[in-house]
Amino acid sequence: MSDLLSLIGNTPLVEIKNISANPNVRIFAKLEMKNPGGSVKDRVALAMIERAEKSGDLAPGKTVIEATSGNTGIGLAMVCAVKGYPIKLIMSSAASEERKKIMRAYGAEIILTPGHLSTDGAIEEAYRMAREEPDKYVLMDQFNNPASIKAHYQTTGLEIWEQSGKQVTHITACLGTTGTIMGITQKMREIAPHVQCIGIEPYPGHKIQGLKNMQESYPPGIYDKKNLDMVASVNDEDAFAMCRELARKEGLFVGMSSGAAMAGSLKLSKEISQGFIVTIFPDSGERYLSTPLFKVPEEDGIKFFDLKSRKKISFQGTKKAPVLFTIGPRTNFPDDPDFWRRAVFLDVVNRYLYYKKLKPHAVAIIADFDDTTLEAVRSSGSNLKKFSQDVVCQLEKISHQMNMSPGFNYTPASEYLDEGVQVCSKLLSKGLAYEKLRSVYFDVGRDEDYGALASVDPKTIISGKTVDLEDYVKDSPRDFTLLKRASLKDLKEDNVLKTRWGNVRPSWYLQMASSVCGDHLDLVLAGETHFFPHLDNLKSIWKGSSGLMPQCWIVAQSVKSEPGGKDLPGLGSLSSHEVGFHALRIWLLSVSYHKTLLYSEKNLAMWTKNWHRIQDLFASLKVGSFVEEDVSSDEVENLCEDLQKSLFKAVEDDLSLYRFWPVLFSFSKNIRRLADEKKMGSNQAQVCIKALKMVDCILGILDWNNLPLAKSEYPLELTELFEQRDRARKEKDYQLADDLRKKILSMGFRIEDTQEGMRIYKC
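Read in order, the letters of the sequence shown are residues 19 to 781 in the numbering used here.
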């Protein structure tokens with residue numbers, strides 16, 4: 019071998035064995051990081067320099083310039099170092115630090131352009147320099163240089179064909195400069211025209227260095243989409259996750275575009291019955307260590323504003339099922355909007371974690387052994403056990419109406435009274451609690467962190483602010499009750515807990531704390547009224563008895579009527595024919611949980627209308643008529659991708675769903691526009707349905723029991739009646755149409771006439 023440049027090309031082909039979506043499809047990766055400069059761009063760099071030398075454009079005394087995202091620049095810097103040419107590279111400041119350092123190490127001068135302009139900003143600057151000083155600079159212009167295609171036509175394409183033993187059926191490569199896939203495709207059309215060549219393209223707004231979305235960027239002059247068999251899209255999350263998975267499962271430490279190439283190939287493998295896919299891995303992961311690409315996965319997920327640390331912290335997933343806790347409603351007000359606001363936000367967390375395959379356990383604890391409950395029991399003429407069961411039944415009924423996750427639990431604290439006694443014993447044995455006149459109290463002075471959650475100094479607590487001191491005999495007014503001596507009324511009704519300290523009743527704090535069993539608690543979502551002292555008391559009990567400490571403490575503000583408005587009713591009163599429980603759910607989620615949700619009839623009506631827009635959009639997509647050709651497939655896919663990105667961004671940023679609603683409503687408006695303009699194909703309607711199902715998977719806002727039937731779902735015995743009525747309406751025989759409506763209704767189906775046609779619902 020004469021020099022370093024002779025080592026360019028003939029990179030190895032390795033099989034991906036541990037990541038598969040179809041056992042009948044084999045996927046192989048061509049490892050371009052094995053080139054001497056570390057990437058696929060070494061091929062192009064050498065080809066462009068040799069072409070410029072041959073044409074006479076490049077000669078001693080001239081400086082090579084090029085706009086680059088990194089790899090082409092590194093390849094050019096290496097070739098210029100060997101051949102002795104000076105080089106200036108223009109690149110976005112957003113490129114990784116590793117790439118900049120490598121280029122400088124090869125002796126290149128770097129000119130940085132604004133990061134928000136991406137590679138396009140670098141291209142503009144390179145063209146300006148070449149125009150203004152043509153005698154000084156030789157622009158390689160990889161985006162329009164035929165050598166970008168020729169390099170892969172002469173080498174890469176033939177290598178793939180021979181290394182695969184002529185078995186390759188599909189070749190995939192990411193779209194950036196596009197020379198790789200253009201050159202390979204040109205070669206395949208000559209030697210194996212049956213081989214499909216597919217471009218992998220990122221979505222608009224992507225963060226994958228080196229790649230281009232052809233709609234938002236300047237398309238390279240060498241790019242011709244018509245030459246390809248297909249262009250597939252991948253999102254950033256899938257590409258980045260695939261990089262990490264390739265490292266863990268295949269031992270391949272690759273860069274961002276390699277992850278995108280693999281994600282696109284895996285997607286392709288699901289769509290074909292069998293095949294031999296070869297994909298291009300352009301570079302290694304070493305050039306991305308300064309980027310978020312290989313950050314620890316545990317840093318991902320929801321970030322909450324934690325009460326304890328007073329900052330946003332990442333909710334850490336563990337091998338154990340996450341436990342999510344909220345304080346239940348008063349037993350005499352089970353449809354309290356305050357509670358249900360907390361519950362639906364916690365349900366979004368629950369659904370998100372379930373989507374992430376973490377198997378969460380969400381629970382609302384009901385304090386059912388307090389004065390309020392016992393008074394309600396007396397008024398109802400029932401007993402405590404029966405009354406508690408009835409309350410739980412009411413909560414479960416509302417839960418079903420509010421479309422809460424099936425695994426969301428409502429647990430009465432009375433089921434854990436024995437655990438409460440054990441907690442008291444532990445606290446007493448550690449000197450953290452004391453017994454006085456048949457009552458047991460927690461000694462606040464023994465907890466150095468008491469008041470930390472609320473940023474309250476215990477010494478400043480005003481005695482009697484939270485309790486009537488005459489009802490308690492404590493060593494310090496700041497101490498709080500764990501077990502309260504029973505009253506004569508309690509004894510008479512046998513509403514007592516028999517313990518070694520006598521007949522007692524558990525305090526609200528002990529009821530809540532002892533109902534959380536297990537060795538971990540991940541999230542506590544409380545209400546504004548629980549801020550202090552409730553949360554600090556719970557923390558003291560958990561910490562003192564078992565060392566239990568939740569990862570995150572968060573507080574949701576209250577639901578209140580607007581100033582001067584009506585008293586806040588329960589959800590049962592708020593719901594009506596117009597305002598269903600699904601509309602109430604989206605209303606409760608409408609504002610940041612850090613802010614008070616103000617109730618007014620006008621505000622609720624607005625959010626009910628918003629909910630109907632989304633419900634009706636889904637119905638229209640399900641039963642509407644669409645053109646056969648997908649005229650706006652790219653636009654629809656981009657809208658759906660943006661919808662999903664916005665959802666996860668909002669959920670993961672402290673449940674800031676208020677930022678997602680405008681995106682959802684804009685999505686609805688744009689999809690309706692495309693449908694009205696007859697630019698929506700049936701396949702794209704299904705893409706939209708899939709996107710909305712994803713939204714509902716996390717938010718639970720769609721009413722699945724109130725969606726029209728698709729024609730394929732019509733009962734056979736009623737299909738003729740539906741068609742008869744449709745004909746009657748078209749012929750303006752409204753009497754017959756009305757008679758058929760009544761007959762169909764008697765058979766359990768409801769008809770709704772819309773501008774888009776007849777819709778059929780199950781009653």
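Ideal Cβ positions, reconstructed from N, Cα and C, are used throughout, including at glycine.
- Membership of Ser610 in any alpha helix (DSSP H) is not indicated, and neither H nor E is assigned to it by DSSP.
- Sequence-distant Cβ neighbours of Gly438 in its own chain, meaning closer than 6 Å and more than five residues away, are Pro524, Leu528 and Ser532.
- Beta-bridge partners of Asn427 (DSSP): Val381.
- Taking every protein chain shown into account, the CB of Gly102 has fewer than 16 other CB atoms within 10 angstroms, so this residue is exposed.
- The alpha helix (DSSP H) runs lying completely inside the stretch 65-146 and spanning 4 residues or more are 89-101 and 115-123, given in chain order.
- Per the C-alpha coordinates, the member of Ser327, Ile83 and Gly56 positioned closest to Ile141 is Ile83.
- Boundaries of the alpha helix (DSSP H) around Asp554: His552 to Ser564.
- DSSP, reduced to helix, strand and coil, places Gly699 within a strand of the structure shown.
- For Leu157, the enclosing beta strand (DSSP E) covers residues Tyr155 to Leu157.
- Within the stretch 292-321, the beta strand (DSSP E) runs of at least 3 residues that lie entirely inside it are, in chain order, 293-299.
- Two segments are said to touch when three or more pairs of C-beta atoms, one from each, lie closer than 8 Å; by this definition the stretch 366-377 does not touch the stretch 408-418.
- CA-to-CA, the gap between Lys225 and Asn53 works out to about 25 Å.
- In this chain, the beta strand (DSSP E) harbouring Ile572 covers Cys570 to Ala574.
- Just so you know, the alpha carbons of Phe426 and Val367 end up roughly 11 Å apart.
- Per the C-alpha coordinates, the member of Ser332, Asp353 and Asp365 positioned closest to Leu342 is Asp365.
- With a threshold of 16 other beta carbon atoms within 10 Å, Trp526 meets it and is buried.
- Look at Met51 here: in three-state DSSP terms it is helix.
- Minimum Cα-Cα distance from Leu94 among the listed residues Leu76, Leu661, Glu115 and Leu64 corresponds to Leu64.
- Taking the CA atoms as reference points, Leu589 sits about 18 Å from Thr344.
- Between Asp386 and Ser432 a beta carbon distance of about 5 Å is seen, short of the 8 Å cut, so the two are scored as contacting.
- Gly282 and Leu76 have their C-alpha atoms some 38 Å from each other.
- Each residue's CA atom was taken as its position, placing His538 and Met567 some 7 Å apart.
- Counting only residues of its own chain and dropping the five nearest sequence neighbours on each side, Phe636 has a CB closer than 8 Å to the CB of Ile707, Leu710, Leu720 and Leu725.
- With fewer than 16 other Cβ atoms from the protein chains shown falling within 10 Å of its own Cβ, Trp722 counts as exposed.
- Excluding its 5 nearest sequence neighbours in each direction, Leu130 has C-beta neighbours in its own chain below 6 Å: Ser111, listed in chain order.
- Put simply, the backbone Cα of Phe323 is about 10 Å away from that of Leu673.
- Looking at Asn401, Pro238, Met776 and Leu135, the one whose alpha-carbon comes closest to that of Val514 is Asn401.
- Taking the C-beta atoms as reference points, Leu193 is found no nearer than 9 Å to Ile167.
- Rounded to whole angstroms, the separation of the alpha carbons of Pro347 and Phe405 is 14 Å.
- In this structure Thr737 is exposed. Its beta-carbon is surrounded by fewer than 16 other beta-carbon atoms within 10 angstroms.
- With fewer than three CB-CB distances shorter than 8 Å, the stretch 557-574 does not count as touching the stretch 589-604.
- Within the DSSP bridge table, the entry for Lys627 names no partner.
- Only residues of its own chain outside the window of five on either side were considered, and among them Ile128 have a CB closer than 7 Å to the CB of Lys118, listed in chain order.
- Arg360 sits buried, since 16 or more C-beta atoms from the chains shown fall within 10 Å of its C-beta.
- Ranked by Cα distance from Met274, the options Ala259, Ser287 and Thr626 are led by Ala259.
- For Glu453, the enclosing beta strand (DSSP E) stretches over residues Ala451 to Lys454.
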